[in-house]
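The structure appears right after this line, and notes come after that.
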Ligand SMILES: Nc1ncnc2c1ncn2[C@@H]1O[C@H](COP(=O)(O)OP(=O)(O)OP(=O)(O)O)[C@@H](O)[C@H]1O
Ligand SMILES: [Mg+2]
């Protein structure tokens, strides 16, 4: 079950991007995404410009772009929505290849496609170059609410256990002659989800008991094993959003 | 070291799981807690560090198990749960072993030393930086023991430590447990394991103590074992004391 593996997103490596502390990369990606999202969709040239720093990060991190592109496909459902917009929206129409399309719809579609693609690529790069521990330490150093850090920690840890459990339950079902290809047998699958939820809940309770037994009082002890980011590293991380901001400013002023 | 008096506990659904349990464990003693499924063994374990609270009195190393002293109690009583996946919830083995001592307020170098020491005790120091879910089941069980050792408990409580282990992993864990110098209470269905590691056996059935004595006496008493659904493996026998 490699697809469900929590650290399947991380691609081990030893590039300068990999070595940057988690908090630096998180801040860089957030600022970059904010800049991209805040740019009006009509600044078409700016969006072309935004792709450049992302491409640069891919090169510096020495990652194979192909698997990254495959991961970026998670945005496809949103893109499908975007394709519908020119047909469904109201407002002034334009003719294109014999189709009557809504002009605001077209801009809205472009807005989604351009921003989602850039945002997804930035996120995919963050996930591919940052292992779980430095991601969590990063979130914690950024004063992210402890509750959120804990939820992420547990998601990362237990997604895999739950997937395993779901997998075992599916096998148990199939071995007893359930064949979910037939629509009327969807019931068993649905019941399986219910059981999985219950198991997840019970597991959560047992984990909580195990935590209490080791002196947990509601606050996660800080993982101090990795050094915090230095000025140089912050400066390196700032390159990504700084480039984006420069492009944004140039585009809107020009 | 451990003193339980008249412990009675009902689950919220009204089911009586413990019914007047008295138990004393002396410093340095290794006691096996035996009994059929549903006897109340896990329920008793959960009382020893104050996760559950029933009627009666429990004392660990002179400290009563009461809400205001739970922090002390949980440092003194280390519980290794049945499923290591419940116990290992941090992203790396080292972070997980460090979780308990960090809760006790340790940081930096002393924390790191504790972690290394505990991992060395179970022979897992080489795996400190791996995520727990990449380890084999037997390795995870050993790390689970380390997470508790890192708290330097006075009493080590293990719930079915040998379950789901292959014979080699079972033997390795036995060697590790035998090497630890702590008071030990071990819940198990694995009678040869109890015989190998413990000096004394307590049989719990339907929430009551049904027998308590030297392990040899308990395991060689066939009628007693049969009455409480305890069975030695085929062909195995413990000679009675002479
Ligand atoms: N959360 C719960 N709610 C209600 N009843 C429970 C709960 N947990 C356990 N029980 C009941 O309490 C009794 C004792 O359970 P316990 O888990 O302590 O048994 P055990 O001796 O550990 O058994 P096993 O050998 O199967 O682990 C059983 O009858 C069980 O059904
Ligand atoms: Mg039990």
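Chains as they are written, first to last, in UniProt numbering: chain A, 1 to 254; chain B, 1 to 242. By construction, the Cβ of each residue, glycine as well, lies at the ideal position given by its N, Cα and C atoms.
Assumed close pair residue i, residue j - CB separation to whole angstroms, cut-off 8 Å
i                      : j                      : result
residue 22 of chain B  : residue 4 of chain B   : 6 Å
residue 78 of chain B  : residue 153 of chain B : 3 Å
residue 109 of chain A : residue 86 of chain A  : 6 Å
residue 126 of chain A : residue 58 of chain A  : 12 Å between Cβ atoms; not a contact.
residue 192 of chain B : residue 173 of chain B : With a Cβ gap of about 13 Å, residue 192 of chain B and residue 173 of chain B do not count as contacting.
residue 82 of chain B  : residue 159 of chain B : 5 Å
residue 180 of chain B : residue 197 of chain B : Not confirmed; about 10 Å, so no contact.
residue 80 of chain B  : residue 143 of chain B : That belief does not hold up - the Cβ atoms of residue 80 of chain B and residue 143 of chain B are roughly 10 Å apart, past 8 Å.
residue 214 of chain B : residue 150 of chain B : So it is not a contact: roughly 32 Å between Cβ atoms.
Residue interval of the beta strand (DSSP E) (run including residue i)
i                      : result
residue 95 of chain A  : 93-96
residue 209 of chain B : 208-214
residue 32 of chain B  : 30-34
residue 257 of chain A : Nothing can be reported for residue 257 of chain A, as the shown portion of chain A is limited to 1 through 254.
residue 86 of chain B  : Here residue 86 of chain B belongs to no beta strand (DSSP E); instead the alpha helix (DSSP H) covers 84-87.
residue 244 of chain B : The structure shown does not extend to residue 244 of chain B, since chain B is modelled only from 1 to 242, so the question has no answer here.
residue 4 of chain B   : 2-10
residue 185 of chain B : 183-187
Range of the contiguous alpha helix (DSSP H) that encloses residue i
i                      : result
residue 73 of chain B  : 70-76
residue 238 of chain B : First-last for residue 238 of chain B: undefined, no H or E at that position.
residue 58 of chain B  : Looking at the DSSP string, residue 58 of chain B is not in any alpha helix (DSSP H); the run it does join, the beta strand (DSSP E), is 55-60.
residue 203 of chain B : Segment 200-205 is the beta strand (DSSP E) holding residue 203 of chain B; no alpha helix (DSSP H) there.
residue 81 of chain B  : No alpha helix (DSSP H) contains residue 81 of chain B, which DSSP labels as neither H nor E.
residue 237 of chain A : 231-253
residue 67 of chain B  : Element bounds for residue 67 of chain B: n/a, residue is neither H nor E.
residue 227 of chain A : Residue 227 of chain A -> no alpha helix (DSSP H), and no H or E assigned at all.
residue 10 of chain A  : From DSSP, residue 10 of chain A is part of no alpha helix (DSSP H); its letter is neither H nor E.
residue 39 of chain B  : Residue 39 of chain B -> no alpha helix (DSSP H), and no H or E assigned at all.
residue 193 of chain B : 191-197
residue 18 of chain A  : 16-19
residue 226 of chain B : 222-227
Rounded straight-line distance, which links the Cα of residue j to that of residue i
i                      : j                      : result
residue 138 of chain A : residue 72 of chain B  : 32 Å
residue 158 of chain A : residue 141 of chain B : 17 Å
residue 190 of chain A : residue 170 of chain A : 11 Å
residue 13 of chain A  : residue 65 of chain A  : 14 Å
residue 164 of chain B : residue 137 of chain B : 8 Å
residue 34 of chain B  : residue 164 of chain A : 31 Å
residue 67 of chain A  : residue 75 of chain A  : 15 Å
residue 85 of chain B  : residue 235 of chain B : 34 Å
residue 154 of chain A : residue 23 of chain A  : 19 Å
residue 18 of chain A  : residue 172 of chain A : 41 Å
residue 30 of chain B  : residue 230 of chain A : 51 Å
residue 63 of chain A  : residue 130 of chain A : 13 Å
residue 56 of chain B  : residue 128 of chain B : 41 Å
residue 40 of chain A  : residue 116 of chain A : 14 Å
residue 48 of chain A  : residue 237 of chain A : 21 Å
residue 66 of chain B  : residue 239 of chain A : 56 Å
residue 146 of chain B : residue 112 of chain A : 50 Å
residue 245 of chain A : residue 232 of chain A : 20 Å
residue 205 of chain A : residue 81 of chain A  : 39 Å
residue 60 of chain A  : residue 45 of chain A  : 24 Å
residue 26 of chain A  : residue 9 of chain A   : 15 Å
residue 231 of chain B : residue 204 of chain B : 14 Å
residue 98 of chain A  : residue 77 of chain A  : 26 Å
residue 121 of chain B : residue 58 of chain B  : 29 Å
residue 32 of chain A  : residue 228 of chain A : 22 Å
residue 252 of chain A : residue 151 of chain A : 40 Å
residue 123 of chain B : residue 175 of chain B : 11 Å
residue 175 of chain A : residue 239 of chain B : 45 Å
residue 218 of chain B : residue 229 of chain B : 13 Å
residue 208 of chain A : residue 168 of chain B : 31 Å
residue 224 of chain A : residue 114 of chain B : Since pLDDT at residue 224 of chain A reaches only 49, below the 50 mark, its modelled position is unreliable, and the value read off the structure follows with that caveat. Distance between the alpha carbons of residue 224 of chain A and residue 114 of chain B is about 15 Å.
residue 185 of chain B : residue 40 of chain B  : 14 Å
residue 28 of chain B  : residue 199 of chain B : 10 Å
residue 46 of chain B  : residue 92 of chain B  : 26 Å
residue 10 of chain B  : residue 207 of chain B : 10 Å
CB contact check: residue i to chain E, cutoff 8 Å
i                     : result
residue 90 of chain A : Among the protein chains of the structure shown, namely A and B, there is no chain E.
heavy atom of ligand 3 below 7 Å from residue i C-beta
i                      : result
residue 193 of chain B : Here the bound small molecules are ligand 1 and ligand 2; ligand 3 is not part of this structure.
Please list the residues of the region 113-140 of chain A that have a C-beta atom closer than 8 Å to any C-beta atom in chain B, keeping them in chain order. 132, 133 and 136
May I have a chain-ordered list of the alpha helix (DSSP H) segments no shorter than 4 residues that lie completely inside the region 132-168 of chain A? 132-141
At a Cβ cut of 8 Å, what residues of the region 198-215 of chain A count as close to chain B, listed as they run along the chain? 203, 206, 207, 209, 210, 211, 212, 213, 214 and 215
Any beta strand (DSSP E) of 3 or more consecutive residues that is wholly inside the region 102-172 of chain B: 155-159
Give, in chain order, every residue of the region 85-100 of chain B whose Cβ lies closer than 9 Å to some Cβ of chain A. Interface annotation for the region 85-100 of chain B against chain A: 85, 86, 87, 88, 89, 90, 91, 92, 94, 95, 98, 99 and 100, criterion Cβ-Cβ distance under 9 Å.
Against chain A, which members of the region 41-74 of chain B pass a CB distance test of less than 8 Å? 46, 49, 51, 71 and 74
Mind pulling the alpha helix (DSSP H) runs of 4 or more residues that sit fully within the region 58-111 of chain A? 65-72 and 76-88
Taking beta-carbon pairs under 8 Å, can you tell me which members of the region 140-159 of chain B lie near chain A? The residues in question are 147, 148 and 151.
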